[in-house]
Structure formats: C-alpha cells, structure tokens
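In what follows, a structure is listed as structure tokens, so that the remarks can point back to it.
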Amino acid sequence: MGMEQRMAELLRSALEPEELEIINESHLHRGHSGDDGTGESHYKLIIVSNRFQGLSRLQRHRWVTQILGSDVEKIHALSLKLLTPAEKNQPDT
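Residue numbers (the numbering used here): 43 to 135.
Pasting the structure below:
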C-alpha cells in the first residue's frame, strides 16, 4: 500500500472529512534535499471536517500528525490546510 492510500485511510477513519485532498508534490522537489527517490517525500493535505470545530490551528495540525503516526516521519515536507465546513465557505480562507 502506498503512502497516499495509507494517509487517506487513516484520515478518513479518524476525521470523517467532507473533503480530503492528498496532493503529492514530490515531483516538484526531485533532486532537492529531502528527496529520497521514492516519489513520496512532499505532500499537501487539504481537509474539511466538522471534527476541527473548536480546535485552534495548532491543535488541528498536531492532531493530523498524530493520526498519521510513524508515517509522518517518512515524509520530508507536509503542508496542511485544515478547515471546518463553515470556514471553507468563508471568502477569506
């Protein structure tokens, strides 16, 4: 099972997201520091979930990295955009 599929399963199970985008940006960093050659080193996650309600930005980030567990240690760069459905519908997000 690839990294994207593992992340998707873990995040869907824990967060029940309305929206989950896992964008592999590893190809943009080919040959750079942190590129381990696997093509699974740089990711951007966009998650919209009611489970983020009442949590600060830092709490959301910590929770997502906790959900990913030891898999997050295999990733060189992880960009997170974590919103509630209400926040997603605001024009400034």
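For every residue, glycine included, the Cβ atom is placed at its ideal position computed from N, Cα and C.
Where residue i and residue j are concerned, what is the direct C-alpha to C-alpha distance, given to the nearest angstrom?
i	j	result
E129	K116	30 Å
S45	I65	Correcting the residue identity first, residue 45 is Met in this sequence and not Ser. Answer to the nearest angstrom: the Cα atoms are 11 Å apart.
A119	Q108	15 Å
N131	W105	22 Å
S149	I88	Residue numbering for the chain in the displayed model covers 43 to 135; residue 149 lies beyond these limits and cannot be assessed.
T126	Q95	6 Å
DSSP beta-bridge partners for residue i?
i	result
P90	Note that residue 90 is Val in the sequence shown here, rather than Pro. Paired residue(s): E61, L125.
H84	A119
Return helix, strand or coil for residue i, following the three-state DSSP convention.
i	result
L120	strand
Assuming the contact rule is C-beta atoms closer than 8 Å, residue i and residue j should be a hit. Round their C-beta distance to whole Å, please.
i	j	result
S91	E58	6 Å
E67	H84	4 Å
L19	L52	Missing from the structure shown is residue 19; the chain here goes from 43 to 135 and no further.
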